[in-house]
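*Asks:*
2 protein chains.
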Amino acid sequence: MSTAAVADTRPYHHGDLRRALVDAAIRILEREGPSALSLRAVAREAGVSPAAPYHHFKDKGELLEAVAHVGWEALGDGMAAVQGSTPDLTSLMTEIGVAYVRFSQEHPALYRVMYDTARDKDSLPEGMQDKEDGAYCLVRNTFRDAAGPGVPDVDIELATIAAWCAAHGLAEMSGFAQFNPLKEAFGGDAGFLRAVLSHLGMFQAKQAKQD
Amino acid sequence: MSTAAVADTRPYHHGDLRRALVDAAIRILEREGPSALSLRAVAREAGVSPAAPYHHFKDKGELLEAVAHVGWEALGDGMAAVQGSTPDLTSLMTEIGVAYVRFSQEHPALYRVMYDTARDKDSLPEGMQDKEDGAYCLVRNTFRDAAGPGVPDVDIELATIAAWCAAHGLAEMSGFAQFNPLKEAFGGDAGFLRAVLSHLGMFQAKQAKQD
DNA sequence: TGTCCGATCTGGACAGTGCTTAGATATAAA
DNA sequence: TTTATATCTAAGCACTGTCCAGATCGGACA
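These protein sequence lines map, in sequence, to chains H and E.
When you line the first sequence up against this note's numbering, it's residues 546 to 756, in that order.
When you line the second sequence up against this note's numbering, it's residues 546 to 756, in that order.
What follows is the structure in structure tokens.
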């Protein structure tokens, strides 16, 4: 998760403090959770004064945006990793969905920051839907490839949105206590995720194809 | 939304300050959003000192739980209101889903508090899955009624969870800017919601019935 | 080489927060 | 009426996000 070494180049006093602050924030997030993520704690973790971050970010929200950006890229990487793992579209989309939920389980605090900032702006990050390597585009492209050239854009878009919403809902609630009995019934977390995702039937482009 | 009159009985100094605080919190939430909801602001709104709430709630989290509880009940009412609006299961479940998302759109701040506290506790409120009049039970019962007696509990539960996750995902993202083009394509917000919900196909008990 | 300018960082301050403690007050019970 | 208990206030603590004046350092220019 790019908590990478800080001292690659140090063009300024501290040496790329901006990146160091984002890294520090992610470190705190993974170690102590979202409630411990104050601007002052981040500055402390990075070894600078509480006012230093204001030379690189307009306010706390802008720092969180930068943190979220790292998260979205990592999520995209995780989803891209299962690409080509199976030729069957339905099971491929299920695996992409599983990768999505897995990310949210492995980085719950980061995932929370990602959607907190998204809700504040009423929008997923700009780049995700346009840039070809974004997580959102990955899902859309998978649907498009499977659907073929005759399917209207609106159907592709609908399938993408539906899949994204379903995956997000599952991601936020997969840890809820209510679901434990069902997890056992499906042989653990992985089986449960696959069951829900394939039950939803959202990962079938056929539906979009036939309309 | 139960911002009801305060002075029904006043057995204590202030007169049911507990309820007054919850009402005040909801008022602030609807008026200024979640970021304005501090314990001190709630006390101010209710006309008491900043320390007064601590005689009725252990801490801020417990106040938020009480606020969220009001929200869950209101959500349940909204979903129950469409009950019996159509004999067809698929369209009924779609309407229940629409009612769910509509609630989140009309009370975004309250909806946010509901899930913030749920995530903190890694659980939906206790009563919802057991009490017969809870929103969660409403969905499960609808599935059960439609499926008939031969369908195993685990399938009913799976369908319920899948539908709930999908509705929540859509609720959190239905306001995102990315979806605007699609909304126009489906003739406004209502059409968009129905399209996504029925595309997901999650509201069909048949799948559960056949397994 | 020396000087200066602007980017970068610090120390200190302000208002606001959640929460605690000690004391005041009013209600219900004796 | 006295007493006990629930309720509320006042004051204070440690913390937060944010701003400001001043210190400091790097690179450009002379």
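Positions of the beta carbon are idealized from the N, C-alpha and C atoms, including for glycine.
Computed from a prediction, not measured in an experiment: that's the story for all the values here.
#1: Are the C-beta of residue 710 (chain H) and some C-beta of chain E separated by less than 8 Å?
#2: Using a C-beta to C-beta distance shorter than 7 Å, which residues of chain H count as neighbours of residue 721 (chain E)?
#3: Taking Cβ-Cβ distances shorter than 7 Å, what residues in chain E pair up with residue 600 (chain H)?
#4: Quick one: residues in its chain with C-beta nearer than 7 Å to the C-beta of residue 590 (chain E), no 5 flanking neighbours on either side, listed in chain order?
#5: Which same chain residues end up closer than 8 Å to residue 546 (chain E) when comparing Cβ atoms and leaving out the 5 residues on each side of it in sequence?
#6: Quick one: grab the DSSP three-state call for residue 649 (chain H).
#7: Please report the straight-line C-alpha distance between residue 687 (chain E) and residue 745 (chain E), rounded to a whole angstrom.
#8: Does the separation of the CB atoms of residue 635 (chain H) and residue 739 (chain H) fall below 8 Å?
#9: Only counting the same chain, and skipping five residues up and downstream in sequence, which positions put a Cβ closer than 8 Å to that of residue 657 (chain E)?
#10: Note down the Cα distance separating residue 732 (chain H) from residue 601 (chain E), rounded to an integer number of angstroms.
#11: Where does residue 603 (chain E) fall in DSSP's three states?
#12: Compile a chain-ordered list of the residues in the region 670–682 of chain H whose CB is closer than 7 Å to at least one CB of chain E.
#13: In terms of residues, what are the limits of the alpha helix (DSSP H) holding residue 674 (chain E)?
#14: What does the Cβ neighbour count give for residue 662 (chain H), buried or exposed, with the cut at 16 atoms within 10 Å?
#15: Is the Cβ-Cβ distance between residue 682 (chain H) and residue 741 (chain E) less than 8 Å?
#16: Since residue 699 (chain H) meets chain E, which of its residues come closer than 9 Å, beta carbon to beta carbon?
#17: I want to know whether the region 691–701 of chain H touches the region 697–713 of chain E - three or more CB-CB distances under 8 Å.
#18: Count the other CB atoms, across all protein chains shown, that sit within 10 Å of the CB of residue 735 (chain H); report buried if there are 16 or more and exposed otherwise.
#19: Taking only heavy atoms of the ligand PLP into account, decide whether any of them is closer than 7 Å to the Cβ of residue 694 (chain H).
#20: From the DSSP output, in three-state form, read off residue 583 (chain H) for me.
#21: Check the Cβ-Cβ distances between residue 498 (chain E) and every residue of chain H, and say whether any is below 8 Å.
#22: I'd like to know whether the C-beta of residue 664 (chain E) is nearer than 8 Å to at least one C-beta of chain H.
#23: Residue 717 (chain E) CB to nearest chain H CB: under 8 Å?
#24: Does residue 562 (chain E) pass the burial test, meaning 16 or more other C-beta atoms within 10 Å, or should it be called exposed?
#25: Starting from the Cα of residue 713 (chain E), find the closest Cα among E:631, E:598, E:649 and give me that residue.
*Replies:* On the basis of the data shown:
#1: As a working mapping, residue 710 (chain H) is identified with position 165 in the first sequence. The Cβ of residue 710 (chain H) sits closer than 8 Å to at least one Cβ of chain E.
#2: If you number the second sequence from 1, residue 721 (chain E) lands on position 176. 667, 668, 669, listed in chain order.
#3: Counted from its first residue, the first sequence places residue 600 (chain H) at position 55. By Cβ distance, chain E contributes nothing, its closest Cβ being about 25 Å from residue 600 (chain H), past 7 Å.
#4: Your numbering for residue 590 (chain E) matches position 45 in the second sequence. Non-local C-beta neighbours of residue 590 (chain E) in its own chain, meaning closer than 7 Å and more than five positions away in sequence, comprise 569, 572, 573, ordered along the chain.
#5: For the purposes of this step, residue 546 (chain E) is identified with residue 1 of the second sequence, where counting begins at 1. Since pLDDT at residue 546 (chain E) reaches only 43, below the 50 mark, its modelled position is unreliable, and the value read off the structure follows with that caveat. The residues are 571, 575, 615, 619, 652, 655.
#6: For the purposes of this step, residue 649 (chain H) is identified with residue 104 of the first sequence, where counting begins at 1. Here residue 649 (chain H) sits in helix by DSSP.
#7: Residue 687 (chain E) sits at position 142 when you count from the first residue of the second sequence. Residue 745 (chain E) sits at position 200 when you count from the first residue of the second sequence. About 18 Å.
#8: What you label residue 635 (chain H) is simply residue 90 of the first sequence in a count that begins at 1. What you label residue 739 (chain H) is simply residue 194 of the first sequence in a count that begins at 1. No, the Cβ-Cβ distance between residue 635 (chain H) and residue 739 (chain H) is not below 8 Å.
#9: One-based indexing of the second sequence puts residue 657 (chain E) at position 112. These residues qualify, in order along the chain: 579.
#10: Residue mapping note: residue 732 (chain H) aligns to position 187 of the first sequence, counting from 1. Residue mapping note: residue 601 (chain E) aligns to position 56 of the second sequence, counting from 1. Approximately 43 Å, taken between the alpha carbons.
#11: Numbered from 1 along the second sequence, position 58 holds the residue referred to as residue 603 (chain E). In the displayed model, residue 603 (chain E) falls within coil according to three-state DSSP, outside both helix and strand.
#12: For the region 670–682 of chain H, which is checked against every Cβ of chain E, the residues closer than 7 Å are 674.
#13: Locating residue 674 (chain E) in the second sequence gives position 129, counting from the first residue. 671–675 is the extent of the alpha helix (DSSP H) around residue 674 (chain E).
#14: Counting from 1 along the first sequence, the entry for residue 662 (chain H) is found at position 117. Burial call: buried.
#15: For this step, residue 682 (chain H) is matched to residue 137 along the first sequence. For this step, residue 741 (chain E) is matched to residue 196 along the second sequence. Cβ atoms of residue 682 (chain H) and residue 741 (chain E): not closer than 8 Å.
#16: Counted from its first residue, the first sequence places residue 699 (chain H) at position 154. Correct list: 726, 727, 730, 731.
#17: Cβ pair count under 8 Å is below three, so no.
#18: For this step, residue 735 (chain H) is matched to residue 190 along the first sequence. Result: exposed.
#19: The model depicted lacks the ligand PLP and carries no ligand whatsoever.
#20: Taking the first sequence and counting its residues from 1, the one referred to as residue 583 (chain H) is at position 38. In the structure shown, the three-state DSSP call for residue 583 (chain H) is coil.
#21: Residue 498 (chain E) is absent from the structure shown; chain E starts at 546 and stops at 756.
#22: Against the second sequence, residue 664 (chain E) aligns to sequence position 119. For residue 664 (chain E), at least one C-beta of chain H is nearer than 8 Å to its own C-beta.
#23: Along the second sequence, one-based indexing puts residue 717 (chain E) at 172. By this cut-off, residue 717 (chain E) is an interface position.
#24: Counting from one through the second sequence, the residue named residue 562 (chain E) turns up at place 17. So residue 562 (chain E) ends up on the buried side.
#25: Sequence index remark: in the second sequence, residue 713 (chain E) carries index 168 (1-based). Ranking E:631, E:598, E:649 by Cα distance to residue 713 (chain E) puts E:649 first.
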